[in-house]
Amino acid sequence: MATPTPPPEPTAGPQGTRLLANGRLQPERVRVPSSAGGRYRVAPGESRPPRGKGKVVRYVVEVERGLPFDREEFAEEVHRILNDRRGWGFRFHRVSRGPVRIRVSLSSPEMTDRRCLPLRTFSALSCWNGGRAVINAVRWNEGVPGYRGDVASYREYVINHEVGHGLGHGHVPCPGPGRRAPVMLQQTKSLYGCRPNPWPFPRR
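Quick note on numbering: UniProt numbering labels position 95 of the sequence shown as 95, and the sequence is numbered without any gaps.
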């Protein structure tokens with residue numbers, strides 16, 4: 001199989017604009033501390049699930065105190081990702097109280113390591129553990145080399161991957177060199193010869 005042409009390196013636009021990568025405007029980078037407040041704050045309010053078919057999954061979004069990310073903005077992005085037509089096929093309902101199936105928790109590297117035990121995340125990975133998708137704030141801010149500066153797409157991947165565990169999905173291998181990576185491939189560690197892909201069902 002021919003080697004796929006890599007996507008272009010990210011390029012800066014005119015002064016005052018954000019970085020472009022893979023044809024997408026990228027989020028602004030911030031400084032993420034190695035540790036923060038050690039406690040979560042729940043994103044207030046709720047985001048209703050879209051109309052249509054599919055089982056409703058209730059979830060909550062929380063951000064560790066002291067991180068430089070707005071709770072409501074993070075919650076909006078998570079809700080958009082989870083309810084995308086290329087997603088898992090459920091209708092996700094974000095709430096701020098009551099029983100939930102999934103917690104999505106933006107966490108400092110130190111908090112990630114603690115919340116993921118006995119899994120080892122080395123202050124660099126995210127995880128699913130104890131009903132919680134623990135999202136490492138450094139990865140949320142920087143992405144990974146395999147996504148070649150496309151942090152926006154990596155954010156979609158890490159949410160879909162960790163929530164995928166909460167829906168019962170395990171890790172899978174790369175199906176072959178140059179093929180599209182399954183979302184349950186551990187793309188944070190490596191693409192293993194595959195092409196990056198943030199979606200469970202990218203062709204929908």
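Ideal Cβ placement from N, Cα and C applies to all residues, glycine included.
All of these numbers come straight from a predicted model, not from anything done at the bench.
Taking C-alpha atoms, which residue in the options lies nearest to residue i?
i: residue 124; options: 187, 169, 43, 55; result: 187
i: residue 63; options: 80, 48, 37; result: 37
i: residue 25; options: 161, 78, 149, 185; result: 149
i: residue 80; options: 155, 140, 143; result: 155
i: residue 73; options: 196, 97, 116, 47; result: 47
i: residue 50; options: 89, 169, 171; result: 89
i: residue 204; options: 86, 23, 142; result: 86
i: residue 199; options: 189, 94, 185, 55; result: 185
i: residue 196; options: 168, 170, 161, 169; result: 161
i: residue 158; options: 114, 168, 82, 30; result: 82
Suppose you measure from the CA of residue i to the CA of residue j; what does that come to, to the nearest Å?
i: residue 179; j: residue 21; result: 21 Å
i: residue 152; j: residue 92; result: 20 Å
i: residue 69; j: residue 52; result: 32 Å
i: residue 163; j: residue 103; result: 9 Å
i: residue 166; j: residue 132; result: 8 Å
i: residue 106; j: residue 176; result: 32 Å
i: residue 40; j: residue 122; result: 21 Å
i: residue 117; j: residue 134; result: 11 Å
For residue i, write down the residues that DSSP places opposite it in a beta bridge.
i: residue 92; result: 57
i: residue 47; result: 94
i: residue 127; result: 134
i: residue 40; result: 64
CB-CB under 7 Å to residue i, same chain, minus the five flanking residues each way: which ones, in chain order?
i: residue 119; result: 127, 129
i: residue 100; result: 58, 59, 60
Using a Cβ-Cβ cutoff of less than 6 Å, which residues in the same chain neighbour residue i once the five nearest sequence positions on both sides are dropped?
i: residue 138; result: 32, 109
i: residue 194; result: 174, 179, 181
i: residue 202; result: 86
i: residue 192; result: 174
Return the first residue and the last residue of the alpha helix (DSSP H) that residue i is part of.
i: residue 167; result: Per DSSP, residue 167 belongs to no alpha helix (DSSP H) and is neither H nor E.
i: residue 133; result: Per DSSP, residue 133 belongs to no alpha helix (DSSP H); it is in the beta strand (DSSP E), 132–136.
i: residue 71; result: 71–82
Need the endpoints of the beta strand (DSSP E) that residue i sits in, please.
i: residue 106; result: 102–107
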